[in-house]
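**Student:** At position 172 of the sequence shown (counting the first as 1) the number is 525 in our numbering, and the numbers step up by one without a gap.
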Amino acid sequence: MRPIIGIAIALTGSALFAGIAFAQTPTPPVASSAPIWTATAPGRPTLLLLPTIHKLTVDDPRIEDWLSQVAGRAEAVVLEAPLSVSKKELPTVLRHGQYGPQDNITNHVTTLTAEALARCARQSNLKIVPFFQLKPWLASLTVDAARTTGQTADSKPSPFRAGIDERLLKIAQKKMMPVIYLETLDQAMKLFDDMSPDEQEAYLKTSCANLTGGAPGEIDLGELEQAWLNSDMARIERLVTNHDPLESQSLYDADQYVFHAGTKNFAAAIEGYGYFHGKGPILIAVGAGHFFGDDSLLDRLKADGYTIAPPPGIINTACVQKAGDADPASQPSVTRAVSAVCPARPMRAG
Numbered sequence: 354m355r356p357i358i359g360i361a362i363a364l365t366g367s368a369l370f371a372g373i374a375f376a377q378t379p380t381p382p383v384a385s386s387a388p389i390w391t392a393t394a395p396g397r398p399t400l401l402l403l404p405t406i407h408k409l410t411v412d413d414p415r416i417e418d419w420l421s422q423v424a425g426r427a428e429a430v431v432l433e434a435p436l437s438v439s440k441k442e443l444p445t446v447l448r449h450g451q452y453g454p455q456d457n458i459t460n461h462v463t464t465l466t467a468e469a470l471a472r473c474a475r476q477s478n479l480k481i482v483p484f485f486q487l488k489p490w491l492a493s494l495t496v497d498a499a500r501t502t503g504q505t506a507d508s509k510p511s512p513f514r515a516g517i518d519e520r521l522l523k524i525a526q527k528k529m530m531p532v533i534y535l536e537t538l539d540q541a542m543k544l545f546d547d548m549s550p551d552e553q554e555a556y557l558k559t560s561c562a563n564l565t566g567g568a569p570g571e572i573d574l575g576e577l578e579q580a581w582l583n584s585d586m587a588r589i590e591r592l593v594t595n596h597d598p599l600e601s602q603s604l605y606d607a608d609q610y611v612f613h614a615g616t617k618n619f620a621a622a623i624e625g626y627g628y629f630h631g632k633g634p635i636l637i638a639v640g641a642g643h644f645f646g647d648d649s650l651l652d653r654l655k656a657d658g659y660t661i662a663p664p665p666g667i668i669n670t671a672c673v674q675k676a677g678d679a680d681p682a683s684q685p686s687v688t689r690a691v692s693a694v695c696p697a698r699p700m701r702a703g
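(1) Quick check on Val438: does DSSP put it in helix, strand or coil?
(2) Excluding five sequence neighbours on each side, which residues of the same chain lie with their C-beta closer than 6 angstroms to the C-beta of Phe545?
(3) Have a look at Lys488 and Ala621 and give me their C-alpha separation to the nearest angstrom.
(4) On the CB-based measure, 16 or more other CB atoms within 10 Å of its CB, does Pro444 come out buried or exposed?
(5) Terminal residues of the continuous alpha helix (DSSP H) containing Tyr659?
(6) Using a Cβ-Cβ cut-off of 8 angstroms (strictly less than) and excluding sequence neighbours within five positions of Arg520, which residues of its own chain qualify?
(7) Alpha carbons only, please: which of Gly396, Pro398 and Ile406 is nearest the one belonging to Pro388?
(8) Label Ala467 either buried or exposed according to how many other C-beta atoms from any shown protein chain fall within 10 Å of its C-beta, with 16 as the threshold for buried.
(9) Kindly indicate which three-state DSSP category Tyr610 falls into: helix, strand or coil?
(10) Since Pro634 is in the alpha helix (DSSP H), which residue starts that stretch and which ends it?
(11) Using CA coordinates, which residue listed in Val611, Asp497 and Ser493 is at the minimum distance from Gly640?
(12) Counting only the same chain and skipping the five closest in sequence on each side, list residues whose C-beta sits under 6 angstroms from that of Tyr605.
(13) Taking the continuous beta strand (DSSP E) assigned at Leu432, which residues delimit it?
(14) Assign Gly677 to one of two classes, buried (16 or more other C-beta atoms within 10 Å of its C-beta) or exposed (fewer than that).
(15) To which residues of the same chain is Thr559 closer than 7 angstroms at the C-beta, ignoring the five residues directly before and after it?
(16) Taking one C-beta from the stretch 490-502 and one from the stretch 388-399 each time, how about it: are there three or more such pairs within less than 8 angstroms?
(17) Counting only the same chain and skipping the five closest in sequence on each side, list residues whose C-beta sits under 6 angstroms from that of Thr399.
(18) Would you report the Cα separation of His539 and Val446, rounded to the nearest angstrom?
(19) For Gln451, collect the residues of the same chain with a Cβ closer than 8 angstroms to its Cβ; drop the 5 residues on either side in sequence, then sort them by chain order.
(20) Check Glu590 in the structure and name its three-state DSSP category.
(21) Just how far apart, CA to CA, sit Leu432 and Ile481?
(22) Using 10 angstroms around the beta-carbon of Ala679, count the other beta-carbons present and answer buried if the total reaches 16, otherwise exposed.
(23) If contacts are defined as beta-carbon pairs under 8 angstroms, then Trp581 and Ile589 qualify, I think. What distance do you get, rounded to the angstrom?
(24) Is the beta carbon of Thr505 less than 8 angstroms from the beta carbon of Gln476?
Right, here's the structure in full:
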């Protein structure tokens, strides 16, 4: 289920680079706009909530058009965290993610040998000595950044395209719109640094494995992008919450930790009354994984008094009761993002 983490985008080009089941559904109709939840509460700005994908596989022209349209409805754009790390900010990253001079990564991992780590560094086109000074989580993000941007030693072109976050930022800048971040760089780094040792190692092990092929648990970004284009929220939830049977428990736990901890930070920022300026609407764009599962961003906003309306044309597959299930409550997983607004009977809006 492992997605590309948004903060890996920010590491690109930094100084670190020296050198569950759902009912079967018919083919979804073609959507005509980006999937947007609308959150309203008395006395607060209207929030337009957009699930994002941090890296895309296809440059579908509809994406740019839809993002420009939704940006045109907003007073400001809100993203997870800064999408770049300057040289001035690099010490903040290393303060959280680098060992002291008398320590190195080999003292903190058990399933990756020094030889395997060195090979991973070389394949990522990273210098071995600085790489060994990185904590597993930062080493993982650095390897991911190299792979997703085509900076690996084999010079293999990246199969990925700019993500929704990056595209939206450019649109906002072109329109000279205010851009607000829900996390500071320091908060984002601390989130990863607080990850358990086993989870950190699982992240790094998967990042290294992905250099030579898809590791178990890697999310299918092409399928995720198509689901986003179709406003197929149940399909998106399945992709971002699915536990691959070949995926280690530590890796799955790491993903869940990142989603939950990030969601907590995002919701806390949104809930601060003085955080936004103007009357709105405010466009809030965060990773799709934060919209689903227990204690999702939508759950937190509802608990804070917001009324949530689903995207027009949403496919409510999670509302469809499987044949033979007498009691909907017996289904172990329900799309919470949809069930919050599901009708009493199955339907497809739009």
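Heads up, the beta-carbon is just placed ideally off N, CA and C, and yes, glycines get one too. Note that the structure is predicted; figures quoted are calculated from it, not measured.
**Tutor:** Based on what the coordinates show:
(1) The answer is coil: DSSP assigns Val438 none of H, G, I, E or B.
(2) Trp490
(3) 27 angstroms
(4) Under this definition Pro444 is an exposed residue.
(5) It is not in any alpha helix (DSSP H) - Tyr659 carries neither H nor E in the DSSP assignment.
(6) Ile416, Glu417 and Leu420
(7) Ile406
(8) exposed
(9) DSSP, reduced to helix, strand and coil, places Tyr610 within a helical segment of the structure shown.
(10) Counting along the chain, Pro634 falls outside any alpha helix (DSSP H), and DSSP gives it neither H nor E.
(11) Val611
(12) His596
(13) Ala429 to Leu432
(14) Any reading at Gly677 must be qualified, since the residue scores a pLDDT of 38, below 50, and its modelled position is unreliable; the value itself is stated next. The residue in question, Gly677, is exposed, as its Cβ has fewer than 16 Cβ neighbours within 10 Å.
(15) Arg355, Ala568, Gly570 and Leu604
(16) By the Cβ criterion, the stretch 490-502 is not in contact with the stretch 388-399, since fewer than three pairs of Cβ atoms, one from each stretch, lie closer than 8 angstroms.
(17) These residues qualify, in order along the chain: Thr393, Gly633 and Pro634.
(18) One detail in the question is off: residue 539 reads as Asp in this sequence, not His. Taking C-alpha positions only, Asp539 is separated from Val446 by approximately 7 angstroms.
(19) Gln486, Leu487, Lys488 and Leu491
(20) helix
(21) 33 angstroms
(22) Residue placement at Ala679 cannot be trusted, given a pLDDT of 38 that sits under 50; what the coordinates show is reported in the next sentence. So Ala679 counts as exposed.
(23) Indeed they touch by this definition, with Cβ atoms about 7 angstroms apart.
(24) yes
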